[in-house]
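In our numbering, the protein residues as written are 7 to 203.
The structure appears below as structure tokens.
Structure (structure tokens):
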């Protein structure tokens, strides 16, 4: 069993009367409620918490992706993971990106490259999380029909795995992605690829 620490990074400064005046904190939350100056402090506090958790003996520190909502201020978990990879020790916990919404990235090779880079920065501590289901906030944010996600996910997952494991330049001709030259740089430290959850 692995014991992991996860941070959703919620927006902590909603007004006290939020539930009386607003329908939701999700997708259509009033953007005027967001205070970038306060968010500066929130993000730094969140990073301090993540770095502290990394020193507490957890097997992994976990981050994930959410869009258009106050529940999770992490539209790009790879940015947070790269920062953690640099700010934590090579003997520290794994850096687990629990959610990159593969079905929504075009091309998915960008995720393969970014995660390979994080694996290099961390000295081989990356755990790649590719949830089959994508949060509905992400579907709304990207204008994606959720009924297409499973097929798009499978294709994107296959492309990422091939990009990590095939040492040769290759072409990929899928239903959603046609890439004449797949040859990711950098390459992941962990072979044949980082663990995938």
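For every residue, glycine included, the Cβ atom is placed at its ideal position computed from N, Cα and C.
As the structure is a prediction and not an experimental result, all values here were calculated from the model.
Which one of 78, 100 and 76 has the shortest CA to CA distance from residue 87? 100
Could you tell me how far apart the beta carbons of residue 159 and residue 175 are, in whole angstroms, since I believe they sit closer than 8 Å? Not really, about 25 Å apart at Cβ, beyond 8 Å.
Considering only C-alpha positions, which residue in the set 25, 133, 112 and 146 is nearest to residue 194? 133
Excluding the 5 residues flanking residue 48 on each side, which residues of the same chain have their C-beta closer than 8 Å to its C-beta? 15, 17, 18, 19 and 79
DSSP on residue 186, reduced to helix/strand/coil? strand
According to DSSP, residue 11 sits in a beta bridge with which residue or residues? 67
According to the neighbour-count rule (16 or more other Cβ atoms, all chains shown, within 10 Å of its Cβ), is residue 96 buried or exposed? exposed
Let me make sure I understand the geometry here. Which of 75, 168 and 69 has the alpha-carbon closest to that of residue 40? 75
Under 8 Å, with one C-beta from each stretch per pair, do the region 109–122 and the region 164–174 reach the 3-pair mark? yes
Member of 104, 197, 112 and 116 whose CA lies at the smallest distance from the CA of residue 130: 197
If we ignore side chains and look at the alpha-carbon of each, how far apart do residue 24 and residue 190 end up? 46 Å
Straight-line Cα distance separating residue 83 from residue 72: 9 Å
Can the beta-carbon of residue 9 be found less than 8 Å from the beta-carbon of residue 65? yes
Just list the residues that DSSP pairs residue 179 with in beta bridges. 184
8 Å Cβ cutoff met for residue 105 and residue 135: yes
Are the beta-carbon atoms belonging to residue 91 and residue 30 less than 8 Å from one another? no
Between which two residues does the alpha helix (DSSP H) containing residue 126 stretch? 115–127
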